[in-house]
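S.K.: Residues in the sequence shown are numbered from 18 upward in steps of one, following this note's numbering.
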Amino acid sequence: MAAEAMKLKDVKEELNKKSHADSDALETVLTHVGELGRYQKMLFLGMAPFGIFFAFVYFVQMFITATPQRHWCRVPELEHLDLELRRNLTAPSAGDTWERCLMYDANWTHVLQNNSVPPDTPIVACKNGWEFELGDIPYETVVSERGWVCENAGYTPLAQTIFFVGSFVGGIYFGWMADHFGRVPALVGSNVIAFVGGVASIYTTGIWDFAFCRLLVGMSYDSCFMIMYILVLEYVGPRYRTWVANLSIALYFGGGCLILPWLALWIGDWRNLLWATTIPFLMVIAVPYTVPESARWLSSRGRVNDAVKVIRRFEKVNRTKVPDDVMDEFIVSASQTRQTNESMKDVFKSGPLRKMMLIMVVVYMACAAIFDGLVRMSEGLGFDFFITFTLTSATEIPSVTLLAFVLDKWGRRILTCGPMIISGVLILIAAFVPKGVAQVSLAIMARFLINMAYNAAIQWSAELLPTPVRASGTALIHVSGYVATIVSPYIVYSEHVWRSLPLLILGVIAVVGSSVGLLLPETNGMQMPQTIEEGEKIVSSYTLCGKVEEVEVESPEENDKMKALIT
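Here it is in structure tokens:
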């Protein structure tokens, strides 16, 4: 029995070495190529347009469907009068303002004769559309052009909801596409569909054709950036992965957020704004000629020769040389590894990975709900819409840059859960503070912290998932965020029930999300898992306190081989 146990142990060790050979050999190759060489720096710069497009796809709908707050019923008979008099004769007063959705049902010929409305004139809903004073929003938007106010006010959130339905569909589809056909085809496809949907939106005339076009644009969110993000991270060494991951979001996505409101003001027309933010998507046509396919993905699919060609290109650009014995070891180990057919089905069959996915979904949904809820509540700052958007977006760059400095020192778990729970406490305090400077300051600090948690969670999820399912798994996690984003407008709307209710809900979500996140393992400085088995071992080898446990995870194939060898 002792000899048999010893033999079993030796077989286990041998099989474990074999299962890790391909992953370790590739890591060694990339170390010799350069963890952050010239080619990786070029790829980092190449992320810029996709990060900016990411911001445009997410936020441009806010600017093309912005609602001017000063509007009233249109009366054709009064159009020759000046604006102030026209409004006073048309709209009944409502305290310090006027009714936006009601008008006098008057004989306008008599009104013009007397320049006044009889006091007993009945009040009815608008009959001929609305007039808009383009002050707070100084250009025509879809809302002002098509009258999406009053009884039609639901069209704007409906279009936004359908956008996120598209995100749900596109996230799953392009994630699957990236894992089965490669990162580059999925990146091209997601950006092309954003271009098609954006241009088509310009020529719409009603709600349903507009909503369908926004669904197409939504299909590209957030695959239009995240696939490039995953691809670049797979080429960067662990020492530099945090910097690349977070600075790309801070500089490119954050920069796009800061550019967008002032671009909208400068252009001053919703159709031209769509042209300006959609045409650049055609740059993606150059991607197959400039961006290398993931060597990790190629080797996981058994395309060893293609992976070697990519590595040789890195050697040439980085002016480095992979030793022949290292390259030979990679070729042999990768060639011995059959093309993997691992998919998300295998993730959910695995107990440790299934648990990891469900926990990460909860964490990501919490981050998305808080982030989007604070964005939608930013109008409470009481400033100009464009300044408000800029102020809230300005927290993105310093918060994510700070994250890049400390993420590798403090780890993913602390910097996802820590900032999230602190933001939750700040939000809960803000719920009981009167509106004004104090509440605004607390909300901005909470936004700063949730930016950190959100971006740490993005990198954390990519590092936890094995290569064969990294794109589709990340897409599924992000899709869960879209579900939370669909719900967040209703969280904000709960203010009509009780003024503090939205902040209380967001605060509780933050506390729950951060508590659940503590159950996930730390990935700081670790190699990204190449197989389902490696992913299982990472998840299974960590306790809540971060203590490493020795866990043997065996596949059915390994069990069969061991039984055969022992007998």
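Note that CB positions come from ideal geometry on N, CA and C, so glycine has one too.
Please look up how many angstroms separate the CB atoms of W89 and E168, rounded, as I've assumed it's under 8 Å.
M.R.: Working through the sequence shown from its first residue, we reach residue 89 at position 72. Working through the sequence shown from its first residue, we reach residue 168 at position 151. That pair is no contact at about 15 Å.
S.K.: Under the DSSP definition of a beta bridge, which residues are partnered with M120?
M.R.: Taking the first residue of the sequence shown as 1, we reach residue 120 at position 103. According to DSSP, which records beta bridges pairwise, M120 is partnered with V141.
S.K.: For E148, which three-state DSSP category applies?
M.R.: Position 131 of the sequence shown, counting from 1, holds the residue named residue 148. Correct three-state label for E148: strand.
S.K.: Pull the bridge partners of A170 from the DSSP assignment, please.
M.R.: Taking the first residue of the sequence shown as 1, we reach residue 170 at position 153. For A170, which the question treats as bridged, DSSP gives no partner whatsoever.
S.K.: Flag this pair as touching only if the region 177–190 and the region 119–129 have three or more C-beta atom pairs under 8 Å; answer yes or no.
M.R.: The region 177–190 vs the region 119–129: no contact.
S.K.: Short check: CB of T484 to CB of W314, under 9 Å?
M.R.: The count along the sequence shown starts at 1 and reaches residue 484 at position 467. The count along the sequence shown starts at 1 and reaches residue 314 at position 297. Against a cut-off of 9 Å, the Cβ pair of W314 and T484 comes out as a contact.
S.K.: For the alpha helix (DSSP H) containing W89, list its first residue and its last residue.
M.R.: The count along the sequence shown starts at 1 and reaches residue 89 at position 72. Careful: W89 lies outside any alpha helix (DSSP H), inside the beta strand (DSSP E) at H88 to C90.
S.K.: Alpha helix (DSSP H) containing L290: first to last residue?
M.R.: On the sequence shown, position 273 is the one that residue 290 refers to. Note, L290: alpha helix (DSSP H), W287 to T295.
S.K.: Given that a residue counts as buried once 16 or more other Cβ atoms are within 10 Å of its Cβ, and exposed if not, what is W165?
M.R.: As a position in the sequence shown, residue 165 is number 148, starting the count at 1. So W165 ends up on the buried side.
S.K.: Between which residues of its own chain and A176 is the CB-CB distance below 8 Å, once the five residues before and five after are set aside?
M.R.: Here residue 176 corresponds to residue number 159 of the sequence shown, with the count starting at 1. Once the five neighbours on either side are set aside, the close Cβ partners of A176 are Q78, T82, I224, F227, A228 and R231.
S.K.: Based on Cα-Cα distance, which residue from P519, M543 and T491 lies nearest to D239?
M.R.: For the purposes of this step, residue 239 is taken as residue 222 along the sequence shown, with counting starting at 1. The shortest C-alpha separation from D239 is found at T491.
S.K.: Using a Cβ-Cβ cutoff of less than 7 Å, which residues in the same chain neighbour F67 once the five nearest sequence positions on both sides are dropped?
M.R.: In the sequence shown, the residue the question calls residue 67 occupies position 50. Contacts found: C241, F242 and M245.
S.K.: What's the gap between the Cα of V454 and the Cα of A447?
M.R.: The sequence position of residue 454 within the sequence shown is 437, counting from 1. The sequence position of residue 447 within the sequence shown is 430, counting from 1. Each residue's alpha carbon lies about 11 Å from the other.
S.K.: Can you find the residues in the same chain that come closer than 6 Å, C-beta to C-beta, to W260, ignoring five residues on each side of it along the sequence?
M.R.: Within the sequence shown, residue 260 is the residue found at index 243, counting from 1. Excluding positions up to five away in sequence, the list reads A421.
S.K.: Give the single residue among M394, G206, S316 and W283 whose Cα lies nearest to the Cα of V457.
M.R.: Stepping through the sequence shown from its first residue, residue 457 is reached at position 440. The option with the nearest alpha carbon to V457 is M394.
S.K.: Go ahead and label D17 buried or exposed: buried means 16 or more other beta carbons lie within 10 angstroms of its beta carbon, across all protein chains shown.
M.R.: Here the chain covers residues 18 to 584 and nothing more, so residue 17 does not appear.
S.K.: Taking the alpha-carbon of S505 as reference, which of L290, V556 and M382 has the nearest alpha-carbon?
M.R.: If you number the sequence shown from 1, residue 505 lands on position 488. When only C-alpha atoms are compared, the closest one is M382.
S.K.: Quick check: the Cα distance between L60 and R330, rounded to an integer number of angstroms?
M.R.: Here residue 60 refers to the residue found at position 43 when the sequence shown is read from its first residue. Here residue 330 refers to the residue found at position 313 when the sequence shown is read from its first residue. Taking the straight line joining both Cα atoms gives about 13 Å.
S.K.: By DSSP's criteria, S110 is part of a beta bridge. Which residues make up the other side?
M.R.: Indexing the sequence shown from 1 puts residue 110 at position 93. S110 is bridged to W115.
S.K.: Using 9 Å as the threshold, is the C-beta distance between N263 and T158 below it?
M.R.: In the sequence shown, residue 263 corresponds to position 246, counting from 1. In the sequence shown, residue 158 corresponds to position 141, counting from 1. Against a cut-off of 9 Å, the Cβ pair of T158 and N263 comes out as no contact.
S.K.: Rank T48, R55, L47 and I376 by C-alpha distance to the C-alpha of R336 and give the top, closest one.
M.R.: Taking the sequence shown and counting its residues from 1, one reaches residue 336 at position 319. Closest option to R336, Cα to Cα, is R55.
S.K.: Which full runs of the alpha helix (DSSP H) of 4+ residues lie inside the region 183–221, going along the chain?
M.R.: The qualifying runs are 200–219.
S.K.: For A38, which of helix, strand or coil comes out of DSSP?
M.R.: Taking the first residue of the sequence shown as position 1, residue 38 is located at position 21. For A38, the pLDDT reaches just 48, beneath the cut-off of 50, and the residue's location in the model is therefore unreliable, although a value from the coordinates is still provided. Three-state DSSP puts A38 in a helix.
S.K.: To the nearest angstrom, how far is the alpha carbon of G214 from that of L233?
M.R.: The sequence position of residue 214 within the sequence shown is 197, counting from 1. The sequence position of residue 233 within the sequence shown is 216, counting from 1. Using only the alpha carbons, I get a separation of about 5 Å.
S.K.: Within 10 angstroms of its Cβ, does Q130 collect 16 or more other Cβ (buried), or is it exposed?
M.R.: Locating residue 130 in the sequence shown gives position 113, where the first residue counts as 1. Burial call: exposed.
S.K.: Considering only their Cβ atoms, is the gap separating T433 from A385 smaller than 9 Å?
M.R.: Reading the sequence shown from its first residue, position 368 is the one you call residue 385. Reading the sequence shown from its first residue, position 416 is the one you call residue 433. No; because the gap between Cβ atoms is not below 9 Å, this pair is not in contact.
S.K.: Out of curiosity, what's the CA-to-CA distance linking S557 and K372?
M.R.: Translated into the one-based positions of the sequence shown, residue 557 becomes position 540. Translated into the one-based positions of the sequence shown, residue 372 becomes position 355. Cα-Cα distance, rounded: 10 Å.
S.K.: On the CB-based measure, 16 or more other CB atoms within 10 Å of its CB, does I404 come out buried or exposed?
M.R.: Here residue 404 corresponds to residue number 387 of the sequence shown, with the count starting at 1. That one is exposed.
S.K.: Over the uninterrupted alpha helix (DSSP H) stretch that includes D389, give me the two end residues.
M.R.: The sequence position of residue 389 within the sequence shown is 372, counting from 1. Start and end: G368 to R393.
S.K.: Under a Cβ-count criterion, where at least 16 other Cβ atoms within 10 Å of its own Cβ denotes burial, should Y306 be classed as buried or exposed?
M.R.: The residue labelled residue 306 in the question sits at position 289 within the sequence shown. Label assigned to Y306: exposed.
S.K.: Would you mind working out which of R318, V304 and I219 sits nearest L291, comparing C-alpha positions?
M.R.: Translated into the one-based positions of the sequence shown, residue 291 becomes position 274. Ranking the options by Cα distance to L291, first place goes to I219.
S.K.: Look at M344 and S478 and say whether their C-beta atoms are less than 9 Å apart.
M.R.: Position 327 of the sequence shown holds residue 344. Position 461 of the sequence shown holds residue 478. In this structure, S478 does not lie closer than 9 Å to M344 by Cβ.
S.K.: Taking the straight line between their C-alpha atoms, what separation do you get for I522 and V46?
M.R.: Reading the sequence shown from its first residue, position 505 is the one you call residue 522. Reading the sequence shown from its first residue, position 29 is the one you call residue 46. Spanning the two alpha carbons is a distance of roughly 49 Å.
S.K.: For V141, count the other beta carbons within 10 Å of its own beta carbon; 16 or more makes it buried, fewer makes it exposed. Which is it?
M.R.: Counted from its first residue, the sequence shown places residue 141 at position 124. Label assigned to V141: exposed.
S.K.: Would you mind sorting R104 into buried or exposed? The rule is 16 or more other CB atoms within 10 Å of its CB.
M.R.: In the sequence shown, the residue the question calls residue 104 occupies position 87. Buried.
S.K.: Nearest-angstrom Cα distance between F191 and S207?
M.R.: The count along the sequence shown starts at 1 and reaches residue 191 at position 174. The count along the sequence shown starts at 1 and reaches residue 207 at position 190. Their Cα atoms are separated by approximately 7 Å.
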